[in-house]
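Visitor: First the structure, which I've put down as structure tokens, then a few questions once you've had a look.
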Amino acid sequence: MRHMTRATRGRRVLTHAVVLTTALTLAAVGCASSAAAQQPGSVSGLVTDETGTAVVATISLAGEGGWATEIVADAGGRFAIGDVPAGRFQLTVTSPGFAPHTISGVIQSGERFDVPPIRLRVTVDAVTIDVTPTEVVAERQLQEQVQQRVLGVVPNFYVSFVPNAAPLNTAQKFRLSWKATIDPFQFAGVAVLAGVEQARNQFPGFGSGWSGYMKRYAAAYGAESTQRMFNRVIMPAIFRQDPRYFYKGEGTVRSRVLYALSRSVIRKGDNGHWQPNYSSVAGSFAAAGVSNFYYPEADRHGLRLTLQNVGIGLVFGAVGNVTQEFLWSRLTSRAAQHSRPTQ
Numbered sequence: 038m039r040h041m042t043r044a045t046r047g048r049r050v051l052t053h054a055v056v057l058t059t060a061l062t063l064a065a066v067g068c069a070s071s072a073a074a075q076q077p078g079s080v081s082g083l084v085t086d087e088t089g090t091a092v093v094a095t096i097s098l099a100g101e102g103g104w105a106t107e108i109v110a111d112a113g114g115r116f117a118i119g120d121v122p123a124g125r126f127q128l129t130v131t132s133p134g135f136a137p138h139t140i141s142g143v144i145q146s147g148e149r150f151d152v153p154p155i156r157l158r159v160t161v162d163a164v165t166i167d168v169t170p171t172e173v174v175a176e177r178q179l180q181e182q183v184q185q186r187v188l189g190v191v192p193n194f195y196v197s198f199v200p201n202a203a204p205l206n207t208a209q210k211f212r213l214s215w216k217a218t219i220d221p222f223q224f225a226g227v228a229v230l231a232g233v234e235q236a237r238n239q240f241p242g243f244g245s246g247w248s249g250y251m252k253r254y255a256a257a258y259g260a261e262s263t264q265r266m267f268n269r270v271i272m273p274a275i276f277r278q279d280p281r282y283f284y285k286g287e288g289t290v291r292s293r294v295l296y297a298l299s300r301s302v303i304r305k306g307d308n309g310h311w312q313p314n315y316s317s318v319a320g321s322f323a324a325a326g327v328s329n330f331y332y333p334e335a336d337r338h339g340l341r342l343t344l345q346n347v348g349i350g351l352v353f354g355a356v357g358n359v360t361q362e363f364l365w366s367r368l369t370s371r372a373a374q375h376s377r378p379t380q
């Protein structure tokens, strides 16, 4: 009986040993399987703005269990985060000037998770619009314009090398005209003109000698100033037109010649549209009528001469525009600062 008991005990011990070994083996296999199931993965993606331009952004990644990490995308907007535990995660993308972007997902063991392209939107607060009043822009351009001189001497104030220059208000049109009127070259030019008239005995009613020369000088200067005031200030203010010639500087020679010739009868409005040159035509008539009073009554020739002078003025204006387009533009100082095309 004792022998049987011992045999029984032996079997029981053996049975317990087998069970224990099996349990340990299964536990080890289970641990190994669990370890294999928890292999880390990776998360990667691309960050751009709404136009598709890469954005250097900060990428924050957080997951279950409280773990978190943070990196910065490269210059191409790409990012990749490794050693990401399996499970749920939340990815947040931030960049100055853009609204934050958040993505949630689940990463499996060992998975390479590619995030769909992330497009950041500009925040309203980040958009700063710098609005400069038109008058301020025009003033800056005008300050550069009144420094333009042919060969550094002859004023060339009435040409704009900026094709879309801001329109001038009435005060600016007046100051531009006044700048040309009091320029030293203007006084010198009128002095030469008065001398030629004196030598040819034009307007004999003025007489001869120094007195006659000074009267011719005063009349010529007054007529020139009056015409400029009507053509460049008063009528442009009334008709809301720009008194300047806008340099073309590109295209074929033929197109530029036609453009220059046509500007004597076409003028840009303050609204930016081309219009019939009401200012020049009306201004020439008004100036001629007023200028008649600068000369002796015997030397006034009535309406026919006025019409003739208006026509001559338009022709000379057209020729002057062509010269401006092809010659003066090359010789004008400071013109290169206005993106003047290379000829």
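Be aware that the sequence shown starts at 38, since it is given in the numbering used here, and climbs by one per residue. All C-beta atoms in this analysis are idealised placements derived from N, C-alpha and C, irrespective of residue type, glycine included.
For a test of the three-state rule: what should DSSP assign to alanine 260, helix, strand or coil?
Guide: Within the sequence shown, the letter at position 223 stands for residue 260. In the structure shown, alanine 260 sits in a helix (DSSP, three-state: H, G or I).
Visitor: Which two residues bound the contiguous alpha helix (DSSP H) that contains glutamine 312?
Guide: Residue numbering aside, residue 312 sits at position 275 when the sequence shown is read from its first letter. Run containing glutamine 312: none in the alpha helix (DSSP H); it sits in the beta strand (DSSP E), 311-313.
Visitor: Measure the alpha-carbon distance for glutamine 127 versus aspartate 111 and round it to whole angstroms.
Guide: Locating residue 127 in the sequence shown gives position 90, where the first residue counts as 1. Locating residue 111 in the sequence shown gives position 74, where the first residue counts as 1. Approximately 20 Å, taken between the alpha carbons.
Visitor: Would threonine 369 pass as a contact of asparagine 193 if the rule is Cβ separation under 8 Å?
Guide: Along the sequence shown, read from residue 1 onward, the residue named residue 369 stands at position 332. Along the sequence shown, read from residue 1 onward, the residue named residue 193 stands at position 156. Yes, they are a contact pair.
Visitor: Give the secondary structure of threonine 171 by DSSP, where H, G and I count as helix, E and B as strand, and everything else as coil.
Guide: Working through the sequence shown from its first residue, we reach residue 171 at position 134. Threonine 171 carries a helical assignment under DSSP once its states are collapsed to helix, strand and coil.
Visitor: Starting from arginine 107, trace the alpha helix (DSSP H) in both directions and tell me its first and last residue.
Guide: Stepping through the sequence shown from its first residue, residue 107 is reached at position 70. In the sequence as presented, arginine is not what sits at residue 107; that position holds glutamate. Segment 105-109 is the beta strand (DSSP E) holding glutamate 107; no alpha helix (DSSP H) there.
Visitor: Decide yes or no for the touch test of the stretch 262-282 against the stretch 213-221: beta carbon pairs closer than 8 Å, at least 3 of them.
Guide: yes
Visitor: Report the rounded CA-to-CA distance for histidine 375 versus glutamine 361, giving the unit in angstroms.
Guide: Taking the first residue of the sequence shown as 1, we reach residue 375 at position 338. Taking the first residue of the sequence shown as 1, we reach residue 361 at position 324. Residue confidence for histidine 375 is low, a pLDDT of 44 falling below 50, so the modelled location carries little weight and cannot support an answer.
Visitor: Which two residues bound the contiguous beta strand (DSSP E) that contains alanine 112?
Guide: Here residue 112 refers to the residue found at position 75 of the sequence shown. Careful: alanine 112 lies outside any beta strand (DSSP E) and carries neither H nor E.
Visitor: When the Cα of glutamate 181 is compared with those of Val196, Val191, Tyr331 and Met272, which residue comes out closest?
Guide: Taking the first residue of the sequence shown as position 1, residue 181 is located at position 144. The shortest C-alpha separation from glutamate 181 is found at Val196.
Visitor: Would you mind sorting phenylalanine 240 into buried or exposed? The rule is 16 or more other CB atoms within 10 Å of its CB.
Guide: Within the sequence shown, the letter at position 203 stands for residue 240. Buried, since its Cβ has 16 or more Cβ neighbours within 10 Å.
Visitor: Here's a check: name, in chain order, each residue in its chain whose Cβ is nearer than 6 Å to the Cβ of alanine 256, leaving out the five neighbours to either side.
Guide: Within the sequence shown, the letter at position 219 stands for residue 256. So the qualifying residues of the chain are Tyr331 and Tyr332.
Visitor: Which word fits methionine 251, buried or exposed, when buried means at least 16 other C-beta atoms lie within 10 angstroms of its C-beta?
Guide: Along the sequence shown, read from residue 1 onward, the residue named residue 251 stands at position 214. The residue in question, methionine 251, is exposed, as its Cβ has fewer than 16 Cβ neighbours within 10 Å.
Visitor: Leaving out five residues before and five after valine 355 in sequence, what residues of the same chain have Cβ atoms less than 6 Å from its Cβ?
Guide: For the purposes of this step, residue 355 is taken as residue 318 along the sequence shown, with counting starting at 1. What sits at residue 355 in the sequence shown is alanine, not valine. Within the same chain, alanine 355 has close Cβ partners Leu298 and Ser301.
Visitor: Start and end of the beta strand (DSSP E) containing isoleucine 271?
Guide: Position 234 of the sequence shown holds residue 271. Looking at the DSSP string, isoleucine 271 is not in any beta strand (DSSP E), and its letter there is neither H nor E.
Visitor: When the Cα of leucine 205 is compared with those of Gly134, Val270 and Gly82, which residue comes out closest?
Guide: In the sequence shown, the residue the question calls residue 205 occupies position 168. Of the candidates Gly134, Val270 and Gly82, the one whose C-alpha sits nearest the C-alpha of leucine 205 is Val270.
Visitor: Assign glutamine 127 to one of three DSSP states: helix, strand, or coil.
Guide: Taking the first residue of the sequence shown as position 1, residue 127 is located at position 90. Glutamine 127: strand per DSSP, three-state reduction.
Visitor: Is glycine 114 closer than 8 Å to valine 93 when the C-beta atoms are compared?
Guide: For the purposes of this step, residue 93 is identified with residue 56 of the sequence shown, where counting begins at 1. For the purposes of this step, residue 114 is identified with residue 77 of the sequence shown, where counting begins at 1. It is a contact, given that the beta carbons lie within the stated cut-off.
Visitor: Under three-state DSSP, which class holds tyrosine 284?
Guide: Within the sequence shown, numbered from 1, the residue matching residue 284 stands at position 247. Of the three classes helix, strand and coil, the one that applies to tyrosine 284 here is coil, per DSSP.
Visitor: Any contact between the stretch 234-249 and the stretch 176-191? By contact I mean 3 or more CB pairs, one from each, below 8 Å.
Guide: no
Visitor: Valine 318 by DSSP, collapsed to three states: which one?
Guide: As a working mapping, residue 318 is identified with position 281 in the sequence shown. Look at valine 318 here: in three-state DSSP terms it is helix.
Visitor: According to the Cβ coordinates, are alanine 208 and valine 174 closer than 8 Å?
Guide: Your numbering for residue 208 matches position 171 in the sequence shown. Your numbering for residue 174 matches position 137 in the sequence shown. Their beta carbons are not under 8 Å apart, which means alanine 208 does not touch valine 174 by this criterion.
Visitor: On the three-state DSSP scale, how would you describe glycine 147?
Guide: By 1-based counting over the sequence shown, the position of residue 147 is 110. In this structure, glycine 147 counts as coil in the three-state DSSP scheme.
Visitor: Figure out for me which residue from Asn358, Ile108 and Ser146 has the closest Cα to the Cα of arginine 125.
Guide: For this step, residue 125 is matched to residue 88 along the sequence shown. Measuring from the Cα of arginine 125, the nearest candidate turns out to be Ser146.
Visitor: Alpha carbon to alpha carbon, what distance is there between glycine 249 and glutamine 178?
Guide: Position 141 of the sequence shown holds residue 178. Position 212 of the sequence shown holds residue 249. Near 42 Å, if we compare the C-alpha coordinates of glycine 249 and glutamine 178.
Visitor: Report the rounded CA-to-CA distance for glutamine 278 versus aspartate 307, giving the unit in angstroms.
Guide: Here residue 278 refers to the residue found at position 241 of the sequence shown. Here residue 307 refers to the residue found at position 270 of the sequence shown. For glutamine 278 and aspartate 307, the distance between alpha carbons rounds to 5 Å.
Visitor: Considering only the beta carbon of each residue, do valine 84 and leucine 157 sit closer than 8 Å?
Guide: To locate residue 84, count along the sequence shown from 1; it is residue 47. To locate residue 157, count along the sequence shown from 1; it is residue 120. The answer is yes: Cβ separation under 8 Å.
Visitor: Check isoleucine 140 in the structure and name its three-state DSSP category.
Guide: Taking the first residue of the sequence shown as 1, we reach residue 140 at position 103. Three-state DSSP puts isoleucine 140 in a strand.
Visitor: Going by DSSP, what residue range makes up the beta strand (DSSP E) through arginine 156?
Guide: The residue given as residue 156 occupies position 119 in the sequence shown. First-last of the beta strand (DSSP E) with arginine 156: 155-157.
Visitor: Work out the CA separation of alanine 236 and asparagine 358 for me, nearest whole Å.
Guide: Along the sequence shown, one-based indexing puts residue 358 at 321. Along the sequence shown, one-based indexing puts residue 236 at 199. About 30 Å.
Visitor: Grab me the residues of isoleucine 303's own chain with a C-beta within less than 8 Å of its C-beta, minus the 5 sequence neighbours each way, in chain order.
Guide: Here residue 303 refers to the residue found at position 266 when the sequence shown is read from its first residue. Only Trp311, Gln312, Pro313 and Asn314 meet the Cβ criterion.
Visitor: Helix, strand or coil, according to DSSP, for serine 328 in the structure here?
Guide: As a position in the sequence shown, residue 328 is number 291, starting the count at 1. Helix.
Visitor: What did DSSP end up calling glutamate 349 once you bin it into helix, strand or coil?
Guide: Within the sequence shown, numbered from 1, the residue matching residue 349 stands at position 312. The displayed chain sequence assigns isoleucine, not glutamate, to residue 349. DSSP places isoleucine 349 within a helical segment (H, G or I) once states are collapsed to three.
Visitor: If you measure between the beta carbons of serine 328 and glycine 232, is that distance less than 8 Å?
Guide: Within the sequence shown, numbered from 1, the residue matching residue 328 stands at position 291. Within the sequence shown, numbered from 1, the residue matching residue 232 stands at position 195. It is not a contact, given that the beta carbons lie outside the stated cut-off.
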